[in-house]
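Worksheet: the structure to be examined is printed underneath.
Numbering (the numbering used here), first residue to last: -7 to 169.
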């Protein structure tokens, strides 16, 4: 999948990032895998999947409505923080692979999809939403298969999201922030 055979290959962690995204993007040559990666990427855009999940939880689980709404706010907040970090870091997206999806912006670090996915996994997982963590992991992997993020972008985004939700856990449960 690497169309730049004559260019020097990056070394160290940067080189590992390049090799992993190239290998996972190659999985996207299977139309079923590509379709799943596109669908997950689309669903995770701007944290929409997680915001919908949180609001649904608030409607369905009336006794814990406030916790669901706070978890949704934490997820949205984590996403907003990642967008701010992107504007500061300004790391370009991978260019050595053909992306499967379009992107809203041209910066990749951290992955905002991974940030909101991990925040939702921690926040909604604490409320017993067992399907959220594996779905969140799939959204994270989809960004690599789609060829729009490096693994370090996804790892940093997931860490940021999980940390944000973990730091807000007391507030989410109804205690002081």
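Each residue gets a CB set at the ideal place from its N, CA and C atoms; glycine is no exception.
Beta-bridge analysis with DSSP links residue 99 to 84.
Rounded to whole angstroms, the Cβ separation of residue 38 and residue 100 is 16 Å, and the two are not in contact under 8 Å. Counting along the chain, residue 119 sits inside no alpha helix (DSSP H), nor does DSSP assign it H or E at all. The beta carbon of residue 32 sits closer than 7 Å to the beta carbons of 130, 131 and 134 from its chain, once the five residues preceding and following it are set aside; these are given in chain order. DSSP places residue 41 within a helical segment (H, G or I) once states are collapsed to three.
With respect to the 9 Å criterion, residue 146 and residue 106 are classified as neighbours on the basis of their beta carbons.
Taking C-alpha positions only, residue 113 is separated from residue 88 by approximately 31 Å.
In this structure, DSSP gives residue 136 a helical state, which the three-state scheme calls helix. With contacts defined by Cβ atoms closer than 9 Å, residue 164 and residue 63 form a contacting pair. Straight across, the Cα-Cα distance linking residue 150 with residue 104 is about 9 Å.
Around residue 41, the same chain offers 35 as residues with beta carbons nearer than 6 Å, after the five sequence neighbours per side are excluded. By the CB criterion at 9 Å, residue 61 and residue 50 fall inside the cutoff.
Residue 127 has its alpha-carbon roughly 27 Å from the corresponding atom of residue 81. Measuring C-alpha to C-alpha distances from residue 11 to each of 144, 148, 94 and 158 identifies 144 as the nearest. Sequence-distant Cβ neighbours of residue 154 in its own chain, meaning closer than 8 Å and more than five residues away, are 110, 111, 113 and 114. Residue environment analysis places residue 29 among the buried positions, since at least 16 neighbouring C-beta atoms fall within 10 angstroms of its C-beta.
Spanning the alpha carbons of residue 83 and residue 125 requires a straight line of approximately 27 Å.
Between the alpha carbons of residue 85 and residue 24 lies a distance of about 24 Å.
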